Structures are given as structure tokens and as C-alpha cells.
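To start, the structure under review is shown below, and the notes come after it.
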């Protein structure tokens, strides 16, 4: 069969198993077999796979049909225009998490953010994206998982920021050596019951998914701890799950009655990022909000 026919058959198989973006995923798997770019793939769709390549492609398709995410199969995941190495030691970065990067860059236009910490960094996607866009900022990246930090180190070296992103092993803010201007956190926020029902849970690390009985155990704990590790006018940015904004903002309001708290929706209109500023809001901040597109 030609590459065109192989792609068509793979796309139909993936779609029949209710796999979203079947066309894109079939292309990614075929490119993994051939070790070529998308442009190279489409330059000659009428050529044929070798017998070994046919077998390899079939094997990758079977892995995907078995529920294994394409990012783990290929070892690649795009995030904020960059390519990151991922494997089963880390959670696969989600597009909605790019909003944390956008919010940070927006804040940096009007507020000093010389020191930043990324809590639960995983593969390092957020910390590395920020380091490349804010080269003057000192960035810490913590994770309780030492295996995850090994993946983050690979990505730091790949993107040339190993000397600018300080990887720290430890729980939440515990390993942070100093107060910072900005705390970014993409903590587990999936309810424990839902984690057990998710197909991806058998592949992605449950430590990075399980947010406890209501999904907010880790988030509440971080909120209680930020006061000691956030500078007086510092910011906290947290990614949250669908339907959690009311509970999270209410909890933060109880801890920090005079703080400024904002919610930013993602492209689907879901409340996705909670922003807390320890300094009380000024009239200038209220009249000139930082917009994220």
C-alpha cells in the first residue's frame, strides 16, 4: 500500500475507536515510523512502506488502540510552540495549561517577576517556556517525583535553559529556598473517583492526576502555604478544573480577604486559571486589566 492508503486505513481504525483527531494522530504515528517531518510526509504520499515499516506502523496503531497516548508512543508533545520529550514518568502537557504561560507573560509586562516557581513541573514545559520568554527571570521548578525531574532535566538541556531553570525535588513549596514574585501551580485537580475511571490513568502517573476526594486537596494545601513563600505584592496562578472556580475563590477569599482574585477562562469558556495578588487591587489595576488572548 502507499503512504496515502496507510494513512487512510489508520485514520479509519482510530476513528472507529472514538479517538479524537484521528487524522492528526495517524500522521504522527506514521511520521514516528519514518522519522520524517510533516512536510516530508506529504511530499511523496504515493511511495510505499518497507515490510519492516509496515510491521512497525501496525504495532504503533495497536498501542494507540489499546489506549496508550500518542505522546508516549512518539515521545513528543508540543506546548507553547515548543517540542518536549515526554514518557510515562510525567503527565502529558495539555493545551489549556498554556494559559498559565500567557498570564505570566502578561503580568510581566506591568509587574516585576524576577523570581518564579513552577510547582509540580512535570516535564518542565511551563518553566522552560517561561525561561525562554523571560530570560532575565530566575525560575525554580519543583516536583515531588524525582523520575519526573529527570524528564524535565532532559527538556531543559534540549532547550538550552539548564543553567536558568533550577530543578528542585520536594513536595510543593518545601524545597523553595526563598520567597518569589510569582508562584505557578498546575496541581492534580481530578477527583479520585474520576481518576480510577479514566482510561489514561493506566498510562499517566496517578500522582499527577489525583486531587483527592473532591479534586482540591492539593490546591487547598498550596493556598495555605503561599503566604510564607510569596513576596508581599506577589502573585499566585493556579490551573483548576471545570466547576471548581467557586470553591477555590471562596477558599482563597477566606485566607486572604483583601487580596485581588481573578478568574480567566480557557478557549472553551471554562474557568481555568485562578489569579491571586496579595496586594489589594488599585484603581489603576481595575481600570487597565491585563488581557490574555
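In the working numbering, the protein residues as written are 228 to 520. Where a beta carbon is used, it is the ideal one built from N, C-alpha and C, also for glycine. The model shown is predicted, which means the values in this text are computed figures rather than measured ones.
Leaving out five residues on either side along the sequence, give the residues of the same chain with a beta carbon under 8 Å from the beta carbon of residue 451. Residue numbering aside, residue 451 sits at position 224 when the chain shown is read from its first letter. Taken in chain order, the residues that qualify are 482.
Beta-carbon within less than 7 Å of residue 376's beta-carbon, same chain only, minus the 5 sequence neighbours each way: which residues are those? Sequence index remark: in the chain shown, residue 376 carries index 149 (1-based). Taken in chain order, the residues that qualify are 370, 394 and 396.
Near residue 422, which residues of its chain fall below 7 Å by C-beta distance, leaving aside the five closest residues on each side in sequence? Taking the chain shown and counting its residues from 1, the one referred to as residue 422 is at position 195. Its chain contains 428, 433, 436 and 437 as the residues whose beta carbon lies nearer than 7 Å to that of residue 422, once the 5 sequence neighbours on both sides are disregarded; these appear in chain order.
Mind checking who residue 253 pairs with in its DSSP beta bridge? Walking along the chain shown from the start, residue 253 turns up at place 26. Residue pairing of residue 253 in beta bridges, as defined by DSSP: absent, with no partner found.
Host alpha helix (DSSP H) of residue 313 (start-end): Translated into the one-based positions of the chain shown, residue 313 becomes position 86. Unbroken run through residue 313: none, as it is neither H nor E.
Please confirm if the stretch 346-361 is in contact with the stretch 407-416, defined as three or more CB-CB distances below 8 Å between the two stretches. yes
Evaluate the contact criterion for the stretch 457-477 versus the stretch 494-503: three or more CB pairs, one atom per stretch, below 8 Å. yes
Hey, residue 342 and residue 407: beta-carbon distance below 9 Å or not? On the chain shown, position 115 is the one that residue 342 refers to. On the chain shown, position 180 is the one that residue 407 refers to. The criterion of a C-beta distance shorter than 9 Å is satisfied by residue 342 and residue 407.
How close, in whole Å, do the beta carbons of residue 327 and residue 464 come, if the pair is a contact with beta carbons under 8 Å? Your numbering for residue 327 matches position 100 in the chain shown. Your numbering for residue 464 matches position 237 in the chain shown. The pair is a contact, with the Cβ atoms about 6 Å apart (cut-off 8 Å).
Taking Cβ to Cβ, would you say residue 292 is nearer than 9 Å to residue 230? Residue numbering aside, residue 292 sits at position 65 when the chain shown is read from its first letter. Residue numbering aside, residue 230 sits at position 3 when the chain shown is read from its first letter. It is not a contact, given that the beta carbons lie outside the stated cut-off.
Can you give me the Cβ contacts of residue 386 inside the same chain, cut-off strictly under 7 Å, excluding the 5 residues immediately before and after it? Locating residue 386 in the chain shown gives position 159, counting from the first residue. Excluding sequence neighbours, residue 386 sits near 309, 355 and 359.
Whole-angstrom distance between residue 490 and residue 243, CA atom to CA atom: By 1-based counting over the chain shown, the position of residue 243 is 16. By 1-based counting over the chain shown, the position of residue 490 is 263. Going by the C-alpha atoms only, they are around 38 Å apart.
Which residue or residues does DSSP assign as beta-bridge partners of residue 282? Along the chain shown, one-based indexing puts residue 282 at 55. Residue 282 is not bridged to any residue.
Closest to residue 362 by CA distance: which of 338, 392 and 368 is it? Position 135 of the chain shown holds residue 362. Nearest C-alpha to residue 362: 392.
Would you tell me roughly how many angstroms separate the C-alpha atoms of residue 367 and residue 313, rounded to the nearest one? Here residue 367 corresponds to residue number 140 of the chain shown, with the count starting at 1. Here residue 313 corresponds to residue number 86 of the chain shown, with the count starting at 1. Going by the C-alpha atoms only, they are around 20 Å apart.
Report the rounded CA-to-CA distance for residue 477 versus residue 274, giving the unit in angstroms. To locate residue 477, count along the chain shown from 1; it is residue 250. To locate residue 274, count along the chain shown from 1; it is residue 47. Computed Cα separation, rounded: 60 Å.
Would residue 295 pass as a contact of residue 430 if the rule is Cβ separation under 9 Å? Here residue 295 refers to the residue found at position 68 of the chain shown. Here residue 430 refers to the residue found at position 203 of the chain shown. For residue 295 and residue 430, yes; Cβs fall inside 9 Å.
Taking 9 Å as the threshold (C-beta atoms), are residue 334 and residue 272 in contact? For the purposes of this step, residue 272 is identified with residue 45 of the chain shown, where counting begins at 1. For the purposes of this step, residue 334 is identified with residue 107 of the chain shown, where counting begins at 1. No, the Cβ-Cβ distance between residue 272 and residue 334 is not below 9 Å.
Taking 9 Å as the cut-off, decide whether the C-beta atoms of residue 505 and residue 457 are in contact. In the chain shown, counting from the first residue as 1, residue 505 sits at position 278. In the chain shown, counting from the first residue as 1, residue 457 sits at position 230. It is a contact, given that the beta carbons lie within the stated cut-off.
Applying the 10 Å Cβ sphere with the 16-neighbour rule, what's the burial state of residue 405? Residue mapping note: residue 405 aligns to position 178 of the chain shown, counting from 1. Counting Cβ neighbours within 10 Å, residue 405 comes out exposed, since fewer than 16 surround it.
In three-state terms, what does DSSP make of residue 562? In the structure as shown, the chain begins at 228 and stops at 520. Residue 562 is therefore absent and cannot be evaluated.
For residue 501, the first and last residue of its enclosing beta strand (DSSP E): Here the question's residue 501 lines up with position 274 in the chain shown. First-last of the beta strand (DSSP E) with residue 501: 498-504.
Please list, in chain order, all residues of the same chain as residue 493 whose beta carbon is under 6 Å from its beta carbon, the five residues on each side excluded. If you number the chain shown from 1, residue 493 lands on position 266. So the list reads 323, 326 and 499, once near-sequence residues are dropped.
Which one of 444, 446, 440 and 453 has the shortest CA to CA distance from residue 403? As a first step, residue 403 must be located in the chain shown, where it is residue number 176. Taking only the C-alpha atoms, the option nearest residue 403 is 453.
Length of the line joining the Cα atoms of residue 228 and residue 250: In the chain shown, counting from the first residue as 1, residue 228 sits at position 1. In the chain shown, counting from the first residue as 1, residue 250 sits at position 23. Roughly 18 Å separates the two Cα atoms.
Could you pull out every residue in the same chain whose Cβ sits closer than 8 Å to the Cβ of residue 522, ignoring the five residues on either side in sequence? In the structure as shown, the chain starts at 228 and stops at 520, and residue 522 therefore has no counterpart that could be examined.
Considering only residues of the same chain and omitting the five flanking positions on each side of residue 311, which have a CB-CB separation below 6 Å? Here residue 311 refers to the residue found at position 84 when the chain shown is read from its first residue. The answer, listed in chain order, is 304, 350, 352 and 382.
Please specify which runs of the beta strand (DSSP E), each continuous and at least 3 residues long, are wholly inside the stretch 459-504, giving them in chain order. 487-492 and 498-504
C-beta contact flag for residue 254 and residue 265 at 9 Å: To locate residue 254, count along the chain shown from 1; it is residue 27. To locate residue 265, count along the chain shown from 1; it is residue 38. Going by C-beta atoms, residue 254 is nearer than 9 Å to residue 265.
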